[in-house]
Structures are given as C-alpha cells and as structure tokens.
Amino acid sequence: MSDSGNIVDQNAYENSIGLASAAQKMFMDLAAKNPDKSTYNNKIDTLFTNLLRDLNNKADANTIMMDVHVKIHPGLISGYDIEPIPESPMPVLLVII
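The number in the working numbering is simply the position in the sequence shown, starting from 1, with 3 added.
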C-alpha cells in the first residue's frame, strides 16, 4: 500500500467506494439465489470485503487492480462458469456474423 492516503480525486475515490459497495450488494443478491454455490459465494464475498477494506484504507491503485482483476473477476468466472469475453471486439463480431 504505497502512497496510502494520497487521494488525487476525492470525487472519484468516493465513487469507487460506492460502486464497490453496490457491486457487493448485487453479488449478495445473486449469491442468495444460488445457494448451491456457497463455497464460491463465501470466497467472492470475502474478496469484495477485502476490496472495500483496501478502498477505505486508501490502498494504492495496483492493490485495487489486483483485488478486482486478479481475485474477484476470476472468482466470478470460475464460480459461475462464465465464458470470458475477449477484449478485442473482432471475435465478437465474427460470432455475430
């Protein structure tokens, strides 16, 4: 957590906390509808809690990126058998055509 507490844009920081909280609430709604995935649900809920903790502790951007892209995102993909969408729009266009 280097540069801890160094907020460049207060509004963006507060929005980040609000969006992370909303994402966690949406996930909890999803988890409640999928009790058969309780192992994944508990793990992902903990990851969201860690994200919010890091945001509230004003962690550096790399820590937040790791929370989301290395922990939460793969957890959702594996827990809910989600097909990852390629970052390039070309494969999606080829599928549509």
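Glycine included, C-beta positions come from ideal geometry on N, C-alpha and C.
Option nearest residue i by Cα separation, candidates the options
{"i": "L55", "options": "P87, I75, N9 and N14", "result": "I75"}
{"i": "M29", "options": "Y16, D39 and N44", "result": "N44"}
{"i": "A25", "options": "F51, N37, I88 and P87", "result": "F51"}
{"i": "G78", "options": "T49, I88, I67 and I10", "result": "T49"}
Burial state of residue i (16 or more Cβ within 10 Å)
{"i": "L22", "result": "exposed"}
{"i": "I47", "result": "buried"}
{"i": "D57", "result": "buried"}
{"i": "D70", "result": "buried"}
{"i": "M4", "result": "With a pLDDT of 38 at M4, under the threshold of 50, the predicted position of this residue should be treated as unreliable, and no value is reported."}
Counting only runs of 4+ residues fully inside the stretch 49 to 85, write out the alpha helix (DSSP H) ranges in chain order.
Those alpha helix (DSSP H) runs which fall completely within the stretch 49 to 85 and span 4+ residues are 64 to 68 and 76 to 82.
Using a Cβ distance threshold of 8 Å, determine whether the stretch 57 to 65 contacts the stretch 76 to 90, with at least three qualifying pairs required.
no
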